[in-house]
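Input: a single structure, listed below in structure tokens.
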Amino acid sequence: MRIFILSDSDRQAAQVAHALARNGYECPPDRVVPLNGARPAELGADLFVLCLRPDPERALGACGAARAAGVPVVAVGPMDDPKLILRALRVGAAEYVTEDELGTEFGAVLARLRGPGGAPGTKVYAVLGASGGSGASTVAVNVAAVLARDHGGCTLIDLKLETGDLAALLDVQPQHTIADLSGGYGGPDRAMFEQALTAHGSGVRLLASPRRQASAIRSRSALARSEVTAGTVRELLDLARAAGPHTVAEVSPTFREEQAEALRVADAVLLVIRLDYTSLRNARRALEHLDAVGVGRDRLRLVGNRHGQPHGLPPAYAEEGLGLKLFHLIPDDPGAMNAATNVGEPVVVGLPKAPAARGLRQLAAALCGAAR
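Quick note, the sequence shown lines up with residues 13 to 384 if you use our numbering.
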């Protein structure tokens, strides 16, 4: 995305350029244009960021010209002038970001301007197990591997902060984890984010959960500095979107605020269940929690894992009990899945002809709206 900064203030332009860089967008000096020299229709921009200081009247005129060129505008200005905010929106600004929010809200604004859920190829999928043993981790790893193969890469984020095992399922030993990006002043930037990822041969890049339970190895003050907050999760997912093309995040069913934030941000939430009574009971509770944190049913994808086990419940029973249609069924294939787990390799990579591998490939394709 080609982003231009329209500004008569070098200081504010530098602040905006820094905020863009933190969210994965480079804005070199030749894309910083003074207001009196701006010809928006000739720049070939995908987005303008307009600095309202020091002359709001001139800036508002440039905003109108940019919108006339059919290019969205993000206005950046003071927070204590509601009339200016209203005027900026009336003359065509798509979003208004206050100067003190550049470090916290800018990423979310950029994500919204890429369209509903982001532009094609920048989707975030959250994977949530209804209960222990649902196979959510296996689903997350394998869906990420398929997306990486078919779309040139995939970021995989382990948000099960106390019990995450995605590194083990990929047989990698991360040098950095999500804890290294948490609690710092100013939050993580693109370079820090990229450095913290661990590459896997499948094309997946993993942001691992902390190696051990932080409470067991850190003092209280150190733990406070490394705490993963909802704000941290939002920033990380914004960075992952910018890195593209797809992101898969496994979320803990604790529904703490940092987990809820990932569920809110995701374009689709895969709720992974087994077809047995215990799993369905826990899935019903999970649906209540998802309603409470603001995840609409339109974004839910109910995935039945290990379908075909002896004495398993019929899919229609699960659909009736949960009030949701099953999005996909993954066949029970314990031999292939155990073999893949034991060598730390996604089954879609190591045993691509196995029934479970075919089911997981079909699930990933269905998420992208393709038939495969």
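Glycine included, each C-beta is placed from N, C-alpha and C at the ideal position.
All values reported here derive from a predicted model rather than from experimental measurement.
C-beta atoms of residue i and residue j nearer than 7 Å
i, j, result
"residue 257", "residue 119", "no"
"residue 66", "residue 21", "yes"
"residue 190", "residue 219", "yes"
"residue 47", "residue 74", "yes"
"residue 156", "residue 139", "no"
"residue 371", "residue 346", "no"
"residue 136", "residue 373", "no"
"residue 316", "residue 299", "no"
"residue 340", "residue 363", "no"
"residue 307", "residue 274", "no"
"residue 287", "residue 325", "yes"
"residue 123", "residue 250", "yes"
"residue 254", "residue 36", "yes"
"residue 294", "residue 148", "no"
Cβ neighbours of residue i in the same chain (closer than 7 Å, five flanking residues each side left out)
i, result
"residue 349", "150, 359, 368"
"residue 32", "15, 39"
"residue 112", "91"
"residue 366", "345, 348, 359"
"residue 356", "180, 181, 182, 183"
"residue 154", "358, 359, 360, 372"
Close-in-space but distant-in-sequence residues of the same chain around residue i (CB under 8 Å, 5 per side omitted)
i, result
"residue 28", "17, 19, 39, 61, 63, 88, 114"
"residue 25", "17, 19, 44, 63"
Expected contact under 8 Å - CB spacing of residue i and residue j to nearest Å
i, j, result
"residue 76", "residue 103", "5 Å"
"residue 172", "residue 291", "About 18 Å separates the two Cβ atoms, so there is no contact after all."
"residue 72", "residue 13", "Their Cβ separation, rounded to whole angstroms, is 24 Å, which puts residue 72 and residue 13 out of contact at 8 Å."
"residue 272", "residue 305", "4 Å"
"residue 116", "residue 243", "7 Å"
Minimum C-alpha distance to residue i - residue among the options
i, options, result
"residue 319", "109, 13, 285", "285"
"residue 106", "90, 117, 92, 79", "79"
"residue 259", "331, 380, 142, 296", "380"
"residue 221", "53, 137, 43, 194", "194"
"residue 86", "308, 121, 244, 99", "121"
"residue 201", "377, 34, 378", "34"
"residue 174", "216, 204, 262", "262"
"residue 270", "56, 108, 170", "170"
"residue 69", "41, 99, 42, 51", "99"
"residue 377", "352, 161, 203, 101", "161"
"residue 333", "296, 352, 354, 322", "296"
Element boundaries [beta strand (DSSP E), containing residue i]
i, result
"residue 107", "107-110"
"residue 316", "312-319"
"residue 375", "Segment 367-379 is the alpha helix (DSSP H) holding residue 375; no beta strand (DSSP E) there."
Closer than 7 Å to chain B by CB, residue i
i, result
"residue 315", "Judged by its chain identifiers, the structure shown contains no chain B, having just a single protein chain."
Boundaries of the alpha helix (DSSP H) in which residue i is found, first to last residue
i, result
"residue 97", "94-102"
"residue 205", "202-208"
"residue 76", "68-80"
"residue 301", "289-304"
"residue 276", "269-277"
"residue 182", "178-182"
Heavy atom of the ligand GTP within 6 Å of residue i beta-carbon
i, result
"residue 310", "The ligand GTP is not among the ligands present in this structure, which contains no ligands whatsoever."
Cβ shell of residue i (< 6 Å), same chain only, five flanking positions each side left out
i, result
"residue 211", "217"
"residue 361", "157, 214"
"residue 252", "167, 259"
"residue 267", "301"
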